[in-house]
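K.L.:
Here it is: the structure, laid out below.
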């Protein structure tokens, strides 16, 4: 990378950070407005609060954003792709097209078409971001991706091209957001269960996930998870129920989660993200630490993916490891999202500081060479 390239990258990163700060301030203002509205409408005599799980933690899912640049140069009947990223060890990408003066969209599941049968049931939502920074819903889709079907799925007629140019293209770029909810995954990896939870003899609780029943000892599970401690021993009606249904939980992930808590070697590249999702949801420190150790010492995932997971699941050791591993400006570029506004502001600031450090270091070395 030349000195000019480094300076340009530094300037672009600074501009993005300033944009990110503005967006964060805007979000804070919106939150304060909602809190003020809530205070006005809350009954002061009502001290009962219904706690709901975040939509992001209700099950498997992900959100992707990509900035498509130079939109005016897009050719007819040609796919323009986002980067391919892995979620729950399955690669995904999406594309836009221009056809008959309309913009089209396709979501692709890039999992290999092996001889083993697999399927992934999804719901996904397409949004475009307008110049003011607001994401606008365009279309919703449902699709089963499976090994017997190739290609992406979406629509060739998401919006008229004239409307797109008028409402969503800014500085020659289009920002596309895709939110994917994974309703079901089956056969995406082959794994033999290391422990059975189908024996009622040594259990005093039954947890139901999907079509499977898990017989578990309350005391042990409560000792490993603050969520289950509150569920079994708190003032919830579930504490008195013979069977408890865990909604929107993948039964394979729950099997792996329980195996891990019971000391089995359940973590690998296929299972770690599903286990980590549940460990974070159920506040299980042991499971979180084991997953973080795997990602630190054994996982072959990219630094970009590890950094993303460290932010999503608050894995501070992994986050520090990722940032410390970035030794050049090129390394920094490799972990940046297409849309930097989707990144953790603290990480963006850390990357910017590293960029300045590398830039100054290169300057010093150049000056020493000139003197010599």
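In the UniProt record's numbering, the protein residues as written are 1 to 372. Glycine included, C-beta positions come from ideal geometry on N, C-alpha and C.
#1: Does the beta-carbon distance from residue 68 to residue 87 come in below 9 Å?
#2: Label residue 255 either buried or exposed according to how many other C-beta atoms from any shown protein chain fall within 10 Å of its C-beta, with 16 as the threshold for buried.
#3: In whole angstroms, give me the CA-to-CA distance for residue 380 and residue 356.
#4: For the beta strand (DSSP E) containing residue 311, list its first residue and its last residue.
#5: Measure the beta-carbon distance from residue 102 to residue 161 and round it to whole angstroms, keeping in mind my assumption that it falls under 8 Å.
#6: Which whole-angstrom value is the C-beta distance of residue 358 and residue 329, which I expect to be below 8 Å?
#7: Quick one: Cα of residue 246 to Cα of residue 106, how far?
#8: Which whole-angstrom value describes the C-beta separation of residue 98 and residue 110, a residue pair presumed to lie in contact below a C-beta threshold of 8 Å?
#9: Based on the DSSP output, what are the partners of residue 119 in its beta bridges?
#10: Can you check whether the C-beta of residue 274 is within less than 9 Å of a C-beta belonging to chain B?
#11: In whole angstroms, what is the alpha-carbon distance linking residue 211 and residue 76?
#12: Determine the direct distance from the alpha carbon of residue 258 to that of residue 224, and round the result to whole angstroms.
#13: Where are the alpha helix (DSSP H) runs, 4 residues long or more, that stay fully inside the UniProt domain "MATH" (61-180), in chain order?
#14: How is residue 209 classed by DSSP in three states: helix, strand or coil?
#15: Assign residue 164 to buried or exposed, taking buried as 16 or more other Cβ atoms, counted over all protein chains shown, within 10 Å of its Cβ.
#16: Go ahead and pull the three-state DSSP assignment for residue 282.
#17: Thinking C-beta only, is residue 151 closer than 9 Å to residue 214?
#18: What residue range is occupied by the uninterrupted beta strand (DSSP E) comprising residue 244?
#19: Taking only the alpha-carbon atoms, compute the straight-line gap between residue 244 and residue 319 and give it to the nearest angstrom.
#20: Please report the distance separating the alpha-carbon of residue 339 from that of residue 219.
#21: Here's the rule: buried if 16 or more other CB atoms are within 10 angstroms of the residue's CB, otherwise exposed. What is residue 302?
#22: Which of the three DSSP states, helix, strand or coil, is assigned to residue 387?
#23: Assign residue 40 to one of two classes, buried (16 or more other C-beta atoms within 10 Å of its C-beta) or exposed (fewer than that).
#24: Could you round the C-beta distance between residue 335 and residue 304 to whole angstroms and report it? I think they count as a contact, below 8 Å.
#25: From the DSSP output, in three-state form, read off residue 298 for me.
#26: Am I right that residue 71 and residue 169 are in contact with their C-beta atoms under 8 Å? What's the rounded C-beta distance?
#27: When you compare only the Cα positions, how much space is there between residue 141 and residue 121?
#28: Just to confirm, are residue 130 and residue 167 a CB contact at a threshold of 9 Å?
#29: So what does DSSP say about residue 214, is it helix, strand or coil?
P.N.:
This is what the structure gives:
#1: Here the question's residue 68 lines up with position 68 in the chain shown. Here the question's residue 87 lines up with position 87 in the chain shown. Going by C-beta atoms, residue 68 is not nearer than 9 Å to residue 87.
#2: Taking the chain shown and counting its residues from 1, the one referred to as residue 255 is at position 255. Counting Cβ neighbours within 10 Å, residue 255 comes out buried, since at least 16 surround it.
#3: Nothing in the structure corresponds to residue 380, since the chain is present only between 1 and 372.
#4: Taking the first residue of the chain shown as 1, we reach residue 311 at position 311. Run containing residue 311: none in the beta strand (DSSP E); it sits in the alpha helix (DSSP H), 303-312.
#5: For the purposes of this step, residue 102 is identified with residue 102 of the chain shown, where counting begins at 1. For the purposes of this step, residue 161 is identified with residue 161 of the chain shown, where counting begins at 1. That belief holds up - the Cβ atoms of residue 102 and residue 161 are roughly 6 Å apart, short of 8 Å.
#6: Taking the first residue of the chain shown as 1, we reach residue 358 at position 358. Taking the first residue of the chain shown as 1, we reach residue 329 at position 329. Confirmed, Cβ separation roughly 5 Å.
#7: Taking the chain shown and counting its residues from 1, one reaches residue 246 at position 246. Taking the chain shown and counting its residues from 1, one reaches residue 106 at position 106. Spanning the two alpha carbons is a distance of roughly 32 Å.
#8: Within the chain shown, the letter at position 98 stands for residue 98. Within the chain shown, the letter at position 110 stands for residue 110. So it is not a contact: roughly 23 Å between Cβ atoms.
#9: Indexing the chain shown from 1 puts residue 119 at position 119. Per DSSP, 146, 186.
#10: The question asks about chain B, but that chain is absent: this structure has only one protein chain.
#11: Here the question's residue 211 lines up with position 211 in the chain shown. Here the question's residue 76 lines up with position 76 in the chain shown. Rounded to the nearest angstrom, the two C-alpha atoms are 47 Å apart.
#12: Translated into the one-based positions of the chain shown, residue 224 becomes position 224. Translated into the one-based positions of the chain shown, residue 258 becomes position 258. If you take the alpha carbons of residue 224 and residue 258, they lie about 10 Å apart.
#13: 161-167
#14: By one-based count along the chain shown, residue 209 stands at place 209. In this structure, residue 209 counts as strand in the three-state DSSP scheme.
#15: Start at 1 with the first residue of the chain shown, and residue 164 comes out as number 164. It counts as buried.
#16: Position 282 of the chain shown holds residue 282. Of the three classes helix, strand and coil, the one that applies to residue 282 here is coil, per DSSP.
#17: Residue 214 sits at position 214 when you count from the first residue of the chain shown. Residue 151 sits at position 151 when you count from the first residue of the chain shown. Cβ atoms of residue 214 and residue 151: not closer than 9 Å.
#18: As a first step, residue 244 is located in the chain shown; it is residue number 244 there, counting from the start. Taken as a continuous stretch (DSSP letters only), the beta strand (DSSP E) holding residue 244 covers 243-245.
#19: Translated into positions along the chain shown, residue 244 becomes position 244. Translated into positions along the chain shown, residue 319 becomes position 319. When rounded, the distance between both Cα atoms is 35 Å.
#20: Residue mapping note: residue 339 aligns to position 339 of the chain shown, counting from 1. Residue mapping note: residue 219 aligns to position 219 of the chain shown, counting from 1. Looking at the two C-alpha atoms, the distance is approximately 45 Å.
#21: Counting from 1 along the chain shown, the entry for residue 302 is found at position 302. Exposed, since its Cβ has fewer than 16 Cβ neighbours within 10 Å.
#22: No information on residue 387 is available, as it lies outside the stretch 1 to 372 that the chain covers here.
#23: To locate residue 40, count along the chain shown from 1; it is residue 40. With a pLDDT of 42 at residue 40, under the threshold of 50, the predicted position of this residue should be treated as unreliable, and no value is reported.
#24: To locate residue 335, count along the chain shown from 1; it is residue 335. To locate residue 304, count along the chain shown from 1; it is residue 304. Rounded, the Cβ-Cβ distance is 4 Å, consistent with contact.
#25: Indexing the chain shown from 1 puts residue 298 at position 298. Reduced to three states, the DSSP call for residue 298 is coil.
#26: For the purposes of this step, residue 71 is taken as the residue at position 71 of the chain shown. For the purposes of this step, residue 169 is taken as the residue at position 169 of the chain shown. The pair is a contact, with the Cβ atoms about 5 Å apart (cut-off 8 Å).
#27: In the chain shown, residue 141 corresponds to position 141, counting from 1. In the chain shown, residue 121 corresponds to position 121, counting from 1. Whole-angstrom Cα-Cα distance: 11 Å.
#28: Mapped onto the chain shown, residue 130 falls at position 130. Mapped onto the chain shown, residue 167 falls at position 167. It is a contact, given that the beta carbons lie within the stated cut-off.
#29: Counted from its first residue, the chain shown places residue 214 at position 214. If DSSP states are grouped into helix, strand and coil, residue 214 belongs with the strands.
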